[in-house]
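In this text, residue positions in the sequence shown follow this note's numbering: the first is 1, and each later residue adds one.
Note that CB positions come from ideal geometry on N, CA and C, so glycine has one too.
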Amino acid sequence: KDLQAFAANAVFVLRKTGGSLRLKAGSRFLSSFLSREQ
């Protein structure tokens, strides 16, 4: 649950900050981070 909250918050922050490049980089980071946690 904490991990889901972290991911949701990270996505929210990225969207708020704006920038498709940042969003793509953030998505890649989250994907690698989540795969590492699993």
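Given a cut-off of 9 Å on the beta-carbon distance, is the pair residue i and residue j in contact?
i   : j   : result
A10 : G26 : yes
L14 : E37 : no
L34 : A8  : no
If you reduce the DSSP assignment to three classes, tell me which class residue i lands in.
i   : result
K24 : helix
K16 : helix
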